[in-house]
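Peer 1: Numbering follows the numbering used here, in which position 290 of the sequence shown is assigned residue number 864; successive positions increment by one, without gaps.
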Amino acid sequence: MKTENFKLNTICTHIGEVEDKQFKGAVSPIYTSTAYAFEQVEEKRYPRYFNTPNQQALSKKLAALEYAESALIFGSGMAAISTAMLAFLKSGDHVVLQKELYGGTHNFIVQEFERFGINYSFAQGRKVEDFEKAFKSNTKLIYLESPSNPLLSVVDIQAISSLAKSKGVLSMIDNTFASPVNQNPIKLGIDLVIHSATKYLGGHSDILAGAVCGSKEHIEKVHSLAINLGGTLSDYTVWLLERSIKTLGVRVKAQNRNAKKLAKYLSKNQAVSKVFYPGLSSHPDHAIAKKQMKGYGGMLSFELKEDIDVSQFLDALQIIKPAMSLAGVESTILSPAQTSHSLLTAEEREAQGISDRILRFSVGIEDRKDLIADFEQAVAKVRAQQLQA
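1) Measuring alpha carbon to alpha carbon, tell me which of S789, P627, L822, R622 ends up nearest Q642.
2) For R689 and M659, what's the separation of their Cα atoms in angstroms?
3) Please state whether the Cβ-Cβ distance between E877 and K895 is less than 8 Å.
4) By Cβ distance below 7 Å, which residues in the same chain neighbour K834 in space, the five residues on each side in sequence not counted?
5) Using only alpha-carbon positions, find the residue among F696, S808, H588 that is nearest to T626.
6) Does DSSP put Y1006 in a helix, a strand or coil?
7) Helix, strand or coil for S736, going by three-state DSSP, please let me know.
8) Which residues in the same chain have their Cβ closer than 6 Å to the Cβ of Y676, if we skip the five residues on either side of it in sequence?
9) I need the boundaries of the alpha helix (DSSP H) containing M652, first residue and last residue.
10) Using the beta-carbon count (16 or more within 10 Å), is M898 buried or exposed?
11) Helix, strand or coil: how does DSSP classify D748 here?
12) When we look at the beta-carbon of K664 and count the other beta-carbons within 10 Å, is it buried (16 or more) or exposed?
13) DSSP on V903, reduced to helix/strand/coil?
14) When you compare only the Cα positions, how much space is there between T750 and I647?
15) Considering only their Cβ atoms, is the gap separating I939 from N832 smaller than 8 Å?
16) Assign D889 to buried or exposed, taking buried as 16 or more other Cβ atoms, counted over all protein chains shown, within 10 Å of its Cβ.
17) Under 8 Å between the Cβ atoms of S818 and L775?
18) Between T657 and L799, which are expected to be in contact by the criterion C-beta below 8 Å, what is the C-beta distance as a whole number of angstroms?
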């Protein structure tokens, strides 16, 4: 059979396995060695070189999922982001970035680029012309994040990748929120796709990892720097990630269904003033999302009305866990102002539309009726407390 014709769940389950030639086990064996032979071998292996058997096998699975020629796995999403960017940038270069970015990415840009002599501009909108206005003669890279964290903003990936190509500029995107199940940016013209594999690829809130996918030529350049920066991860984590990805399609599709139902419910709830979810027709970027996404994802954000105390609401939840990170099989919720975007100033958060009342909701695989009941009991409890105060 031609593996390139495999469908999503078959890729998740079978591509990138390590064959157990000795015992014929059904799952990949783990090669935990950090010391491999160097004589009379085809390849000199060392974990920091990203070439252990488990690392190489998992990279094939990730590449297949993103329709890429090659991939690398890293110790974290930020290791993947920083290494990928720095592999293609040098002093004097300029980067155009989407304004709405994960707080860690934004912080890396504003705190570290200056020391490398790298210049940058944030596009002041999400349209192609907004990105084009930010271009300079020394622009080398466009960096996107769509849907964005935490307000689920969506950009026209194909249009912006076409702009990059017309200017001879490299394009990168953080595809974490969408996952390969819902969006494949390489098919839309993007050069490099990045994931915090901690999130949907891992999916069980027990793995820290990152990934970069792209052409062999681009990945070789990333690999060259990655060896020096050392952002690799243990083969036990690699094995856990390969195991987790086997259920990626099943998990994400269940989260898609739940999130869409929850978004519709919250948009009509009297305790909520705004809902941010690209699957809603009311979302300003819904038409673009519908064009380029196969599903709208398991992430949404909403803003509580003034009469609901945010901290009391979070404390009152029983099923939905107030916790950092996202995309586990369990539903989690957080305040971006206190966590993912706390490194931004209040002014920077305001410029992105992130108020202190916005909560980011990572919808899990629980029964949605139970999730709705949990939301309602938390609101009722807060209101009861306020009446007693």
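Glycine is no exception: its CB is placed at the ideal position from the N, C-alpha and C atoms.
Quick caveat, the model's predicted, so the values are computed rather than measured.
Peer 2: On the basis of the supplied data:
1) In the sequence as presented, Gln is not what sits at residue 642; that position holds Ala. Checking every option, the nearest Cα to that of A642 belongs to S789.
2) Taking the straight line from one Cα to the other gives about 14 Å.
3) no
4) G853, Y870
5) Comparing Cα positions, the closest option is S808.
6) The requested residue 1006 does not occur in the structure, where the chain is confined to residues 575 to 963.
7) helix
8) Cβ neighbours of Y676 within its own chain (closer than 6 Å, five residues either side excluded): N723.
9) Counting along the chain, the alpha helix (DSSP H) containing M652 begins and ends at 651-661.
10) exposed
11) strand
12) Exposed.
13) coil
14) 14 Å
15) yes
16) exposed
17) yes
18) 6 Å
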